[in-house]
Amino acid sequence: MTRRITRALTTIVAASALVLTGGIAAQAVETTADTSTSFSGSLADGATWIADKPAHWNGVLVLYSHGFGPLNASDAPNAATKEALLDSGYALVGSSYSGSTMWALASATDDQFAALAAAKKVIGHPRQVLALGTSMGGLISAQEAERGNGRIDGALSTCGLLGGGVNLNNYQLDGEHAIAQLLADDPDIQLVDYADATEVQAATTALTDAVNAGQQTAEGRARIALAAALMQVPDWISGDEPPTSYTEQEAHEAAWLPGMLSFTISGRPSIEASAGGNASWNVGVDYAKLIRSSEHYAQIRTLYRQAGLNLDKDLRTLTRTADIAPDTDALKSLTATSTVTGRITVPELTMHTISDQLAPIAYENLYAKQVQRAGRASLLRQAYTQSIGHCNFTAAEIVGALNTLHTRVSTGHWPSTTARALTRAADRTGYGDSSFIDYRPPVFANARSYTPVHHRWSRS
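Residue numbers for the sequence shown follow the working numbering, beginning at 182 and rising by one.
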């Protein structure tokens, strides 16, 4: 049963008051006594922040990190979830981040912690601080779990780019390289170092046209399946259940690709600008070794056999033509700002839809291994929903997961995080449905390291 939420967050009944918070100006806006108080302000580096405190605060302050997009301050994933979090007693704060590009990882964690400090001065000192992030913000929350130094008590990373910016650029490059070499009429499509929007659009159009044309033949469909596996494309885009036949899976992958190509290619210049150059590479990559780790390897082999194609020959083509090297300074910069180590210092719960077209579900496998190698596995739990789409969570799922994390921080012990237990936690919120499932994520096949002198490829 869904609880009726009546908190009118936008009803303003009192005048604004200016509060000085250690040199940071914050504007407090009063709402009705039964709702919440809103605050906003600016940080020294030009970032802005907003915060909301419910009338019946439970003492927990949620530090929210938003995803890739315009640098606007936000303290919740969306309006419905914000309303549910405030209704549950959580106070909220989040910053815009600073910088000149939407990939603002160079400043994000510092800006978030500065916003947290500012909010505490107007909201009051919380009993707990829980980090919450979505997408790129999920990566930021994971960084906060490593760098908090006592400033946060737990983290909930949802649909997080937990593989980091280097792996993000590399898996996208791998898929685009395969489309260019195996499906396009002219394989010399620019894949990195875009100078302007015209070059971005030209690459998007060329790669999308190649996919659309390839889908018309058995040979093209087999090659699309290979490119999709390299690009971590989900094999479920519609319907109540994921498809089970290889043919259906490929059709779903092909349907995902145009939108994915448009988003990822248009986003690359922001990451390159932030890093100071191209930080991705495929020079020296052995694509035959890489693809054998993919969960879709059997699908690819079957579709190639049915189409009468030689998979080994195509993989040799991809390896032979892989000639993109990174700007080593840009690679160092992106590694320093946009990755995680797994050395978390507080309890962390991650949550992912199993069909995520922008943050691969396989990232969860990679991240769990990082945390385990760092000796912090007892602090990490991972949850999954049988849902389609990036960050497609209900308010009940997010509030239920946050309540579970709150319990872990309060008691010092993890409550059950099975799908059944998380479903009960979501149901208790009264904010709608949930679709938690027990799930094991596949291997992230594209992880690798780079040796500049010899362009040597090795699996990370």
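Backbone N, C-alpha and C define an ideal beta-carbon position, used for all residues, glycine too.
In this text, all values refer to a predicted model and were calculated from it rather than measured experimentally.
Residue closest to residue i, alpha-carbon to alpha-carbon, out of the options
i    : options                   : result
A336 : A626, A606, N584 and N627 : N584
M441 : R402, A506 and E357       : E357
G280 : L267, A300, P251 and D256 : P251
G458 : Q480, K513, A469 and L499 : K513
P622 : R589, Y544 and R557       : Y544
L561 : E327, L224 and S221       : E327
D608 : G341, T509, V624 and G581 : G581
M283 : P450, W417, D614 and N463 : P450
L254 : Q293, E434, S616 and K234 : The question names Leu, yet the displayed sequence has Ala at residue 254. The residue with the shortest Cα to Cα distance from A254 is Q293.
D291 : I304, V303, S246 and L266 : S246
K494 : R404, L311, V243 and S630 : R404
L407 : E422, H477 and V464       : H477
L267 : F249, V243 and P439       : V243
T509 : A456, L499, E429 and T531 : A456
D334 : P307, A359, I360 and L349 : P307
H433 : D421, E422 and P415       : P415
Rounded C-alpha distance that separates residue i from residue j
i    : j    : result
F525 : L297 : Before going on, a small fix: residue 525 reads as Ile here, not Phe. Answer to the nearest angstrom: the Cα atoms are 19 Å apart.
L492 : Y565 : 33 Å
T262 : A503 : 44 Å
I446 : A454 : 13 Å
T518 : L313 : 19 Å
V138 : G570 : The structure shown does not extend to residue 138, since the chain spans only 182 to 641, so no value can be given for it.
T516 : L286 : 11 Å
I559 : A602 : The question names Ile, but residue 559 is Ser in the sequence shown. Approximately 18 Å, taken between the alpha carbons.
S276 : P258 : 13 Å
D369 : R486 : 27 Å
A260 : A232 : 14 Å
Y278 : L224 : 9 Å
Q324 : G489 : 47 Å
E211 : T218 : The pLDDT assigned to E211 is 41, lower than 50, so where the model puts this residue is not dependable; a value taken from the coordinates is nonetheless given after this. So the alpha carbons of these two residues sit roughly 5 Å apart.
W417 : S322 : 27 Å
A394 : V590 : 53 Å
L363 : G345 : 28 Å
F625 : N546 : 7 Å
S426 : T379 : 39 Å
S616 : S419 : 15 Å
Q480 : N330 : 46 Å
V373 : G448 : 11 Å
G248 : V310 : 20 Å
L438 : F444 : 10 Å
E431 : P424 : 9 Å
DSSP three-state assignment for residue i, whether helix, strand or coil
i    : result
Q309 : strand
Y271 : coil
I542 : coil
A525 : The identity of residue 525 in the sequence shown is Ile, whereas the question assumes Ala. Correct three-state label for I525: coil.
L490 : coil
Y612 : coil
H477 : coil
T500 : helix
A387 : helix
P235 : strand
F249 : coil
A628 : coil
Y468 : helix
Q567 : strand
F617 : strand
V381 : helix
A336 : strand
I370 : coil
P623 : coil
H587 : helix
L343 : coil
S316 : coil
Residue i CB to nearest heavy atom of the ligand ADP below 8 Å
i    : result
L342 : Among the components of this structure there are no ligands whatsoever, and the ligand ADP is therefore not found.
Close Cβ partners of residue i (< 6 Å) along its chain, the five nearest in sequence each way excluded
i    : result
D627 : The sequence given here places Asn at residue 627; Asp does not occur at that position. Contacts found: N351, Y352 and D355.
Y548 : L343
T588 : P596
Y375 : V381 and P450
D226 : S279
Contacts around residue i, its chain only, beta-carbon distance under 8 Å, and the 5 residues preceding and following it disregarded
i    : result
I618 : I535, Y565, T566, Q567 and A600
V642 : The chain is shown only over 182 to 641; residue 642 falls outside these bounds and no answer can be derived.
E400 : A488, G489 and L490
R482 : L492
Contacts around residue i, its chain only, beta-carbon distance under 7 Å, and the 5 residues preceding and following it disregarded
i    : result
A555 : T522, G523 and R524
D366 : none
C340 : T315, S316, G319, H533, T534, D537, A540, H571 and C572
P507 : N459, A460, S461, W462 and Y631
Q396 : R402, I405 and A435
L484 : R402, A403, A406, Y427 and E431
| request: Flag this pair as touching only if the region 226 to 240 and the region 270 to 285 have three or more C-beta atom pairs under 8 Å; answer yes or no. | output: yes
| message | Would you call the region 377 to 391 in contact with the region 526 to 533, where contact means no fewer than 3 C-beta pairs closer than 8 Å? | response | no
| said: With three or more beta-carbon pairs closer than 8 Å as the criterion, would you say the region 404 to 418 touches the region 465 to 480? | reply: yes
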